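>
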Amino acid sequence: MVNFSLEGKVALVTGASYGIGFAIATAFAEAGARIAFNDIRQELVDKGLASYREKGIDAKGYVCDVTKEDQVQALVAAVEKDLGPINILVNNAGIIKRIPMTEMKAEEFRQVIDVDLNAPFIVSKAVIPSMIKNGGGKIINICSMMSELGRETVSAYAAAKGGLKMLTRNIASEYGEYNIQCNGIGPGYIATPQTAPLRERQKDGSRHPFDAFIVAKTPAARWGTTDDLKGPAVFLASSASDFVNGHVLYVDGGILAYIGKQPQ
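So in this note's numbering, the last spot in the sequence shown is 245, and the numbers never skip.
(1) With a CB to CB cut of under 6 Å and the five nearest residues on each side skipped, what residues in its chain are close to L217?
(2) Should M112 be labelled buried (16 or more other beta-carbon atoms within 10 Å of its own) or exposed?
(3) Look up R132 in the DSSP assignment and say whether it is helix, strand or coil.
(4) Is the region 235 to 242 close to the region 185 to 205, with three or more CB pairs under 8 Å?
(5) At 4 residues or longer, and completely inside the region 69 to 111: list those alpha helix (DSSP H) runs for me, N to C.
(6) What would DSSP say about I21, mapped onto helix, strand or coil?
(7) Is it right to say R15 is buried, meaning 16 or more other beta carbons lie within 10 angstroms of its own, or is it exposed?
(8) Determine the direct distance from the alpha carbon of R91 to that of N160, and round the result to whole angstroms.
(9) In this structure, does DSSP put L237 in helix, strand or coil?
(10) Considering only heavy atoms of the ligand HEM, does any lie closer than 7 Å to the CB of F224?
(11) What residue does the alpha helix (DSSP H) around K211 start on, and which one ends it?
(12) Starting from the C-beta of I103, find all residues in its chain whose C-beta is less than 6 Å away, skip the five residues before and the five after it, and write them out in chain order.
(13) Write down the C-beta distance between A4 and T207 rounded to the nearest angstrom, noting that I regard them as a contact closer than 8 Å.
(14) For I69, which option in I123, G118, E155 has the closest C-alpha, if you only look at C-alpha atoms?
(15) DSSP beta-bridge partners for I195?
(16) Looking at I166: is its Cβ nearer than 8 Å to the Cβ of I123?
(17) Spell out the partners DSSP gives P168 in its beta bridges.
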């Protein structure tokens, strides 16, 4: 029988006060895991804790800037003290800056790389020794379709997520012999409160132009939801995926497989 249970496991999901990280952490809790998460400010952590409580989940929240190695080491030590060794890490914390490349300042580019690529390196590095000591573990990096595709205004994000895809493969290559599986999830366009304005109907009842573009480019003919990410995340966190390593699972409704409709 395939085992998707996470009973007795400790999962750290970075930046999981809301959105994709919150959905994944909730799915892990429903599968039996104990949840730890961080965010960069106390008010965000408090908001996250309230959301978990509403779901009946006793999560532990911590303030931590995942780009700071000393803070990450302290976070991992605190989680291990409060809950036990970390069995599952999800590198979810991330940012995007939509700025044309020639208008983007170098420090803005560096900030995106720091949060979206350097931080997963820092946090993974912090948990891998304990995973080796305890006989294995699961690392899931939240990649993106921009790990494969380019698009205007997202040069830093695409560079970071492309790098994260290769970091995923390298962690798998370097630590697979220790029963550590490192895989990625590449979400497609996900309906969240942040993208709601892009999905509002126009005054004439037509779709927002970007909404129409995404639906036309997606074989599933819809935006994804955070619930669409729960099953893939539980699979990659559970023993069901013990021989899956260095893979990016794109949860995109088929966008990457599709060349698009011929213009009428």
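Here a beta-carbon is modelled for each residue, glycine too, at the ideal position from N, C-alpha and C.
Computed from a predicted structure; not experimentally measured.
The answer reads as follows:
(1) To locate residue 217, count along the sequence shown from 1; it is residue 236. Taken in chain order, the residues that qualify are I121, N164.
(2) On the sequence shown, residue 112 is found 131 positions in, with the first residue counted as 1. The residue is buried, with at least 16 neighbouring Cβ atoms inside 10 Å.
(3) One-based indexing of the sequence shown puts residue 132 at position 151. The answer is coil: DSSP assigns R132 none of H, G, I, E or B.
(4) yes
(5) 87 to 94
(6) For the purposes of this step, residue 21 is identified with residue 40 of the sequence shown, where counting begins at 1. I21: coil per DSSP, three-state reduction.
(7) Stepping through the sequence shown from its first residue, residue 15 is reached at position 34. So R15 counts as buried.
(8) For the purposes of this step, residue 160 is identified with residue 179 of the sequence shown, where counting begins at 1. For the purposes of this step, residue 91 is identified with residue 110 of the sequence shown, where counting begins at 1. Their backbone Cα atoms lie some 33 Å apart in a straight line.
(9) On the sequence shown, residue 237 is found 256 positions in, with the first residue counted as 1. Of the three classes helix, strand and coil, the one that applies to L237 here is helix, per DSSP.
(10) No copy of the ligand HEM appears in this structure; indeed no ligand is present at all.
(11) Counting from one through the sequence shown, the residue named residue 211 turns up at place 230. Counting along the chain, the alpha helix (DSSP H) containing K211 begins and ends at 211 to 218.
(12) As a working mapping, residue 103 is identified with position 122 in the sequence shown. E50, V53.
(13) Counting from 1 along the sequence shown, the entry for residue 4 is found at position 23. Counting from 1 along the sequence shown, the entry for residue 207 is found at position 226. Sure, about 4 Å apart at Cβ, within 8 Å.
(14) Numbered from 1 along the sequence shown, position 88 holds the residue referred to as residue 69. Comparing Cα positions, the closest option is G118.
(15) Along the sequence shown, read from residue 1 onward, the residue named residue 195 stands at position 214. In the DSSP output, where bridge partners are listed per residue, I195 has none listed.
(16) Sequence index remark: in the sequence shown, residue 166 carries index 185 (1-based). Sequence index remark: in the sequence shown, residue 123 carries index 142 (1-based). Contact: yes.
(17) As a position in the sequence shown, residue 168 is number 187, starting the count at 1. BP columns for P168 point to V232.
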